[in-house]
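Notes follow once the structure below has been shown.
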Amino acid sequence: MSVTIQTKESASRDGIRRFFRSAPLWIGILVIAFIWTLPTVGLFITSFRPEDDINNSGWWTVFQHPFDFTQYTLENYDRVINTSGMGAAFVNSLLVTIPAVVIPITIAAFAAYAFAWLQFPGRTFFFVLVVGLMVVPLQMSLIPLLKLYVDLGNATGVELNGSLLGVWLAHTGFGLPLAIFLLFGYISSLPGEIIESAYVDGASPLTTFTRLVLPLSVPVIAAFAIFQFLWVWNDLLVALVFLGTNPDRVVLTAKLSALVGERGQDWFLLTAGAFVTMIVPLIVFFSLQRYFVRGLTAGSVKG
Amino acid sequence: MAQTVKQPEKTGGVGGAIVAAVLRIAVAILIPLLAIAILIWSVTFMTNRDANKALVAIVALIVGVGGVWVLYIAFDNLVSLLPENLREAVRPFVFVGPALLILGLYLVFPAVGTILRSFQDARSEEFVGLANYQFVFTDPTMLIALRNNVLWLVFVTSFVVGLGLIIAVMVDRLRLEAAWKAIIFLPMAISAVGASVIWKFVYAFKPAGQTQIGLLNAIWVALGGDPQGWLILQPWNNFFLIIIMIWILVGFSMVVISSAVKGVPGELLEAARIDGANEVQIFLRVIIPYIRGTLITITTTVIIMVLKVFDIVFVMTSGQFNTEVIANRMYREMFSFRNFGHASAIAVILLVAVTPVMIYNIRGLQQARR
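So the protein sequences, as listed, match chains A and B.
Under the numbering used here, the first residue of the first sequence is numbered 9, with each subsequent residue one higher.
Under the numbering used here, the first residue of the second sequence is numbered 2, with each subsequent residue one higher.
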C-alpha cells in the first residue's frame with residue numbers, strides 16, 4: 009500500500025516539476041504563435057468592418073464588444089468582388105492555374121516514365137540536361153520569351169502574349185525541370201517486375217503508363233500538384249509579364265497589387281481583396297495539410 | 002503486319018484486312034490532324050474578346066486540361082502505324098519529346114538569348130561589350146540594390162534557420178505540436194502579395210494626432226513615440242520588408258527541421274543525459290551536429306528564395322526609398338526603363354549567384370533519395 013502511495017506522490021511531483029520545466033516553453037510558443045497570427049487576424053477582422061470604422065479606430069477595438077455584430081459588414085467583399093474586379097480576377101486565376109498544373113504534370117509524367125523505363129539514344133544526356141535546367145532562374149527567360157511571343161503574333165496572328173495558352177506554357181516550361189526530377193525519382197523506383205509483367209501481357213507503353221504507372225504515382229503527383237497549384241496561384245511575376253498587357257485576363261495577385269498602387273489607403277478594399285486572394289490556398293492548406301507540407305518541401309528548390 | 006495475320010477471320014480474308022489497315026492508317030493520321038485543328042481553333046476562340054465569357058472559360062478548361070492528353074494519345078496512335086522495328090525506337094520520343102521541346106523553347110533558347118542580350122545595348126541591336134555588367138556593379142542605384150540583397154540574405158537566412166530550429170525543438174517537447182506547427186506554417190500558403198498587404202496594414206501610418214490604425218504605430222504611440230512612416234524610414238525600411246519574408250518562411254524551415262529533430266535517436270539523447278549534459282548542451286552538442294545536413298539544405302534553399310525576392314518589394318515600395326533589390330530592378334529595367342541590356346545582365350548575375358547553391362542542393366536531394 010505505502011509503496012503505491014509513494015509512487016503516486018512522486019509521480020505527481022514529477023508532473024509538477026515537468027510542468028515548471030516546460031513552462032518557459034509554453035510561454036515561448038504562445039508568444040510566437042500570438043505574434044505569428046496577429047497580422048492575419050487584424051486583416052481578417054478589418055475586412056469585415058465598415059470603411060469609417062476602419063479609418064477612425066484600430067481593428068483591435070472590436071474586442072471591446074466582440075459579439076456586437078452590428079459592427080461587422082460584408083459590404084467590403086461585395087465592393088471588391090463586384091465593383092473592383094476581384095470576382096473576374098478570381099475566375100482568371102482559376103483559368104490560369106488549373107491547366108498550368110495539369111499540363112506540366114502530364115508532360116513531366118510522360119517524360120519521367122520514358123527516362124525511367126524506355127530505352128532511347130541520348131537518355132542520360134537529356135536527363136542530365138533537364139536536371140541542370142533547374143538552376144536557371146525564370147528571370148533568364150522573360151525577355152526573349154516575350155519577344156518571341158510578340159514576333160510570333162506579328163508573323164502569324166496567333167497572339168500568345170496576354171493569352172491563357174501563353175501563360176500556361178510559360179508556367180509549364182518553368183515548372184517542368186523540377187516536375188520531371190521529382191516524378192522520375194518516384195517512377196524509377198517502382199518495382200521493375202510489375203512493369204515488365206505488363207509488357208509480357210502485351211500492354212503497350214501507353215497502356216502501361218496510364219493504367220499502371222500513373223495510378224501508382226499518385227502520392228508524388230499529388231505532392232507536386234499542390235506545390236505547383238500554390239506556386240501558380242500565388243505567382244505575381246509571370247502573371248505580370250505574360251498577362252500584364254491584357255486587362256481581361258488579370259489574375260488575383262496582379263489585381264491586388266494594382267489595388268495597392270491605385271487605392272493604397274482604402275483599407276476596406278485592400279483587406280477584403282487580400283482575403284479573397286488567400287481563401288483558396290487556405291482551404292487547400294487546411295484540407296490537405298499533410299500533402300501540402302510534403303509538396304512544399306519537395307518543391308522548395310524550384311527555380 | 003503482325004496484326005493483319007493475327008485476325009484474318011474477324012475481318013474476313015486478306016481483302017478485308019487491307020481495307021481495315023487502310024482505315025486504321027487514315028484514322029490514325031486524321032485524329033492528330035483533327036486534334037491540332039481543334040486546338041488551334043480553340044486558341045483563337047479564347048483570344049476573341051467578343052465571345053461569351055463563360056463559354057470561353059469552359060473551352061479554356063477543356064482545352065487546357067484535356068488538350069495535352071489528346072495530343073499524346075493521338076501521336077501514340079500515329080506511332081503504332083510504323084513498322085514494328087521502328088515503332089519502339091520512335092515511341093520514347095513521343096513520350097519525352099514534348100518535354101524536351103518545351104524546355105528547349107522556354108528555358109534553353111531564352112537563356113542563350115538573355116546571355117547574348119546582356120552584351121547588347123538597351124534595344125538589343127548592337128554589342129556593347131561589358132558595359133551592362135559595368136553598370137550593374139558601378140551604378141549607385143544598383144549598388145544599393147546589391148547591398149540590400151546582401152542584407153536580405155544575411156537576415157532572412159539567419160532568422161529563418163535560427164527561429165525555425167528553435168521553434169522545431171520547442172514544439173517537439175510540447176503537447177498540441179501539430180496545432181503550433183500549423184499556425185506558424187500558415188503564412189507559407191499565402192501569396193507574397195497577400196502577405197505584403199497584411200504587413201502594409203501593420204505598418205499603416207496616420208499623421209500625429211489622428212488615431213493610428215496600424216498595429217505597429219499604435220503600439221509605438223502608446224509607448225510614447227511619434228507615429229512613423231515605417232516604409233520610408235531609411236535604412237530601417239529594409240528590415241520592415243525583411244520581416245515579411247521571415248514571417249513567411251519560418252514555418253517552412255521549422256517543419257523541415259522538425260522532422261530531422263525527430264530522427265535524432267532517443268538512445269543518443271538518453272546517453273547524453275546520463276553523462277550529465279543539460280538541455281542546452283544536448284541541443285548544441287547532440288541535436289545540432291546530428292541534423293547538420295538538414296540545416297545546410299534549408300540554408301541553401303532559403304538563400305535561393307531570397308536571391309529571387311521580388312513580390313514583397315514590388316508591392317510594398319516598388320524599390321523606392323532605397324529598398325531596391327535586384328529581381329525588382331530587373332523587372333523595372335524591363336518594363337519601366339525598357340533597357341533589355343541592363344535587365345539581361347541582372348538576370349545573368351542572378352543565374353551566376355544561384356547556380357552554385359542550386360547545384361549543392363540538387364546533389365543533396367539526389368543523395369537523400371539513395
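Virtual Cβ for every residue (Gly too), placed ideally from N, Cα, C.
Contact set for residue i: own chain, Cβ-Cβ below 7 Å, skip 5 residues either direction
i: B:MET359; result: ILE305
i: B:ALA75; result: ILE32, PRO33, ALA36
i: B:GLY365; result: THR298
i: B:PHE284; result: VAL170
i: B:GLN4; result: Interpretation of B:GLN4 is limited by its pLDDT of 43, a score under 50 that renders its predicted location unreliable; the figure taken from the coordinates is listed afterwards. Taken in chain order, the list of residues that qualify is empty.
i: B:ARG118; result: SER125, PHE341, GLY342, SER345
i: A:PHE300; result: ILE234, VAL292, PHE293
Per-residue contacts from residue i into chain A (C-beta, under 8 Å)
i: B:LYS309; result: PRO145, GLN147
i: B:PHE446; result: Residue 446 of chain B lies beyond the range of chain B shown here (2 to 371); nothing can be said about it.
i: B:THR356; result: VAL143
i: B:ALA346; result: Under the 8 Å cutoff, chain A gives no residues; its nearest Cβ is about 11 Å from B:ALA346.
Contacting residues, own chain, Cβ-Cβ under 6 Å from residue i (five flanking each side not counted)
i: A:THR285; result: LEU260, LEU264
i: B:ILE327; result: ALA146, ASN150, ILE347
i: B:VAL15; result: none
i: A:VAL88; result: MET94, LEU277, ALA280, GLY281
i: B:GLY230; result: PHE206
i: A:TYR85; result: ALA280
i: B:MET143; result: VAL137
i: A:GLY183; result: PRO112, GLN236
i: B:PHE156; result: ILE243
Any chain E beta carbon closer than 8 Å to residue i
i: B:THR212; result: Protein chains A and B are contained in the structure displayed, whereas chain E is not.
Proximity winner among the options, relative to residue i (alpha-carbon distances)
i: B:MET246; options: B:ARG293, B:LEU152, B:PHE96; result: B:LEU152
i: B:LYS201; options: B:LEU242, B:ASN49, B:GLY277, B:GLU89; result: B:LEU242
i: A:GLY281; options: A:TRP68, A:ILE40, A:ASN90; result: A:ASN90
i: B:MET255; options: B:ILE74, B:TYR361, B:VAL161; result: B:VAL161
i: A:LEU257; options: A:GLU201, A:ASN242, A:VAL175; result: The displayed chain sequence assigns Arg, not Leu, to residue 257 of chain A. Cα-wise, what sits closest to A:ARG257 is A:VAL175.
i: A:GLY64; options: B:MET317, B:ILE244, B:ALA205, B:VAL251; result: It is Asn, not Gly, that sits at residue 64 of chain A in the sequence shown. With distances taken between Cα atoms, A:ASN64 lies closest to B:ALA205.
i: B:LEU269; options: B:LEU154, B:ILE289, B:LEU187, B:GLY165; result: B:ILE289
i: B:ASN362; options: A:LEU248, A:LEU103, A:LEU186; result: A:LEU186
i: B:THR301; options: B:SER159, B:VAL198, B:SER259; result: B:SER159
i: A:TYR121; options: A:SER225, A:ALA247, A:TYR299, A:ARG298; result: A:SER225
i: A:ASP274; options: A:ASP60, A:THR45, A:VAL39; result: A:ASP60
i: A:GLY140; options: B:LEU104, B:VAL222, B:ALA209; result: B:LEU104
i: A:ILE53; options: B:GLY226, B:ILE199, B:GLY277; result: B:ILE199
i: A:ILE195; options: A:THR164, A:LEU150, A:PRO227; result: A:PRO227
i: A:PHE128; options: B:VAL95, B:VAL129, B:GLY114, B:ALA90; result: B:ALA90
i: B:PRO99; options: A:ALA96, A:PHE118, A:PHE300; result: A:PHE118
i: A:THR215; options: B:ILE244, B:PHE186, B:ASP77, B:ASP227; result: B:ASP77
i: B:SER319; options: B:VAL281, B:ASN239, B:LYS263; result: B:ASN239
i: A:PRO152; options: A:PHE134, A:LEU198, A:ALA247, A:ALA178; result: A:ALA178
i: B:ILE292; options: B:GLY165, B:TRP181, B:ALA278; result: B:GLY165
Interface residues of chain A facing residue i [CB-CB closer than 9 Å]
i: B:ASP312; result: ASN242, ASP243, LEU244, LEU245, THR261, SER265
Chain-ordered neighbours of residue i on chain B, where CB pairs are closer than 8 Å
i: A:ASN63; result: ILE214
i: A:GLN297; result: ALA183
i: A:GLY181; result: ILE103, LEU104, LEU106, TYR107, LEU108
Neighbour list for residue i in chain B, Cβ cutoff strictly below 9 Å
i: A:VAL138; result: ALA100, LEU101, LEU104
For residue j and residue i, believed in contact at Cβ under 8 Å, the rounded distance
i: B:VAL355; j: B:LEU308; result: 6 Å
i: B:TYR107; j: A:GLY181; result: 3 Å
i: A:ASN254; j: A:GLY170; result: 3 Å
i: B:ILE313; j: B:SER197; result: 5 Å
i: B:LEU169; j: B:SER81; result: The question names Leu, but residue 169 of chain B in the sequence shown is Ala. Their Cβ separation, rounded to whole angstroms, is 53 Å, which puts B:ALA169 and B:SER81 out of contact at 8 Å.
i: A:VAL249; j: A:LEU126; result: 35 Å between Cβ atoms; not a contact.
i: A:ILE202; j: A:LEU220; result: 7 Å
Interface partners of residue i on chain A, CB under 7 Å
i: B:MET171; result: LEU33, GLY36, ILE37
i: B:TRP70; result: THR114
i: B:GLY130; result: Those do not exist, as B:GLY130 stays about 19 Å from chain A at its closest Cβ, beyond 7 Å.
i: B:VAL381; result: Residue 381 of chain B lies beyond the residue range present for chain B, which begins at 2 and ends at 371; the question has no answer from this structure.
Chain-ordered chain B contacts of residue i [CB-CB under 7 Å]
i: A:TYR121; result: PHE96
i: A:MET286; result: ILE191, GLY195
Spatial neighbours of residue i in its chain, beta-carbon cut-off 8 Å, leaving aside the 5 residues before and after
i: B:LEU83; result: VAL91
i: A:TRP67; result: GLY50, ILE53, THR54, ARG57
i: A:ILE229; result: ILE113, ALA117, LEU191, LEU222
i: A:GLN79; result: ARG57, PRO58, ASP61, VAL70, HIS73
i: B:GLY67; result: none
* Asked: Touch check for the segment 230-247 of chain A and the segment 101-109 of chain A: three-plus C-beta pairs under 8 Å?
  -> yes
* Are the segment 205-214 of chain A and the segment 287-306 of chain A in contact at 8 Å, needing three or more beta carbon pairs? -> no
* For the segment 42-49 of chain B against the segment 71-88 of chain B, are there 3 or more C-beta pairs whose distance is under 8 Å? -> no
* Asked: Taking one C-beta from the segment 205-216 of chain B and one from the segment 258-273 of chain B each time, how about it: are there three or more such pairs within less than 8 Å?
  -> no
* Cβ pair count under 8 Å reaching 3, the segment 338-347 of chain B against the segment 118-127 of chain B -> yes
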